[in-house]
Amino acid sequence: MAVSISAVVLLGIVVFVLIRGGYVRLSNALACALFGFFLAATGAAPTIRDAIGAVTGWISSI
449 MAVSISAVVL LGIVVFVLIR GGYVRLSNAL ACALFGFFLA ATGAAPTIRD AIGAVTGWIS
509 SI
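Right, here's the structure in full:
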């Protein structure tokens with residue numbers, strides 16, 4: 449759970465900076481957020497969660 453919250457905060461900061469810098473439009477960021485929201489409700493969510501957990505576990509062991 450702590451990794452998920454940290455990842456959300458980090459990605460939120462990255463998106464905010466990209467929107468403020470003019471690299472990403474607000475509509476594109478909103479579309480990506482909605483895509484992620486709906487993706488979380490599919491059967492692919494556990495696989496994605498496991499993959500992210502494996503990557504973060506690998507990074508923390510370095």
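Numbering (this note's numbering), first residue to last: 449 to 510.
C-beta: ideal position from N, C-alpha, C; glycine also.
Beta-carbon spacing of residue i, residue j below 8 angstroms
i: Val-472; j: Leu-466; result: yes
i: Ala-493; j: Leu-487; result: yes
Where the alpha helix (DSSP H) containing residue i begins and where it ends
i: Ala-492; result: It is not in any alpha helix (DSSP H) - Ala-492 carries neither H nor E in the DSSP assignment.
i: Ser-509; result: First-last for Ser-509: undefined, no H or E at that position.
i: Ala-479; result: 474 to 487
Identity of the residue in the options nearest residue i by Cα
i: Val-456; options: Arg-497, Ser-508, Leu-474, Gly-469; result: Arg-497
Close Cβ partners of residue i (< 7 angstroms) along its chain, the five nearest in sequence each way excluded
i: Gly-470; result: none
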